[in-house]
Amino acid sequence: MLQMFYDLVVSSVIFFAVVCWGSGVKTADANRLNKLIRRAGSVLGVDQESLAVVSERRMLRKLLGILDNGSHPLHATLVSYRNNFSHRLRSPMTTTQRHRTSFLPVAIKLFNSSPLSKGN
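So in our numbering, the last spot in the sequence shown is 241, and the numbers never skip.
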């Protein structure tokens with residue numbers, strides 16, 4: 122029953138906007154969220170995934186969804202970033218730290234480091 126409550130309420134609230142936050146979340150805030158996740162895991166008696174693991178998985182899933190959906194507004198942009206030879210995505214030019222930690226550059230970096238970019 123506690124596991125169901127955690128999955129339905131606590132984790133959905135914590136991980137709802139994790140794709141938007143991405144790596145742009147401040148370290149102190151990420152530590153607080155990870156502490157909350159660990160505490161909930163100790164109450165449940167199971168290990169829960171950390172904020173970083175869940176955010177990476179969800180960002181990669183969102184990027185793959187955009188690449189698969191031809192009607193998505195970012196689809197044409199991402200297709201233009203694709204390298205013809207290696208099937209990796211070129212990273213967009215970024216000038217500020219805020220842009221470097223936004224969704225697109227971070228998700229492209231995750232995609233390029235994943236095995237999905239090798240055989241696609």
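A virtual CB, placed ideally from N, CA and C, is assigned to each residue, including glycine.
* Could you name each continuous beta strand (DSSP E) segment of 3 residues or more that falls completely within the stretch 185-236, going from the start of the chain to the end? => Counting only runs of 3+ residues, no beta strand (DSSP E) is found wholly inside the stretch 185-236.
* Span of the alpha helix (DSSP H), counted from its first residue to its last, around Gln124 -> It spans Leu123 to Phe126 - the alpha helix (DSSP H) in which Gln124 sits, taken as one unbroken run.
* Asked: Got a sec, what are the start and stop residues for the alpha helix (DSSP H) Ser132 sits in?
  -> Note, Ser132: alpha helix (DSSP H), Ser132 to Phe136.
* Taking all protein chains shown into account, decide if Phe206 is buried (16 or more other Cβ within 10 angstroms of its Cβ) or exposed. => Phe206 should be labelled exposed.
* Taking just the CA atoms, how far does Leu157 sit from Arg221? -> Distance between Arg221 and Leu157, taken at the CA atoms: about 27 Å.
* **Local conformation of Val140 per DSSP, three classes** => Correct three-state label for Val140: helix.
* Asked: Buried or exposed: Met122, going by 16 or more other Cβ atoms within 10 Å of its Cβ?
  -> By the neighbour-count criterion, in which 16 or more other beta carbons inside 10 Å mark a residue as buried, Met122 falls on the exposed side.
* **DSSP state of Lys147 mapped onto helix, strand, coil** => Judged by DSSP in its simplified three-state form, Lys147 adopts coil rather than helix or strand.
* **Three-way DSSP call (helix, strand, coil) for Ser163 in this model** => In the three-state reduction of the DSSP assignment, Ser163 falls in the helix class, which pools H, G and I.
* Buried or exposed: Ser176, going by 16 or more other Cβ atoms within 10 Å of its Cβ? -> By the 10 Å Cβ count, Ser176 comes out buried.
* Which value, in whole angstroms, describes the spacing of the CA atoms of Met125 and Asn233? -> Each residue's alpha carbon lies about 35 Å from the other.
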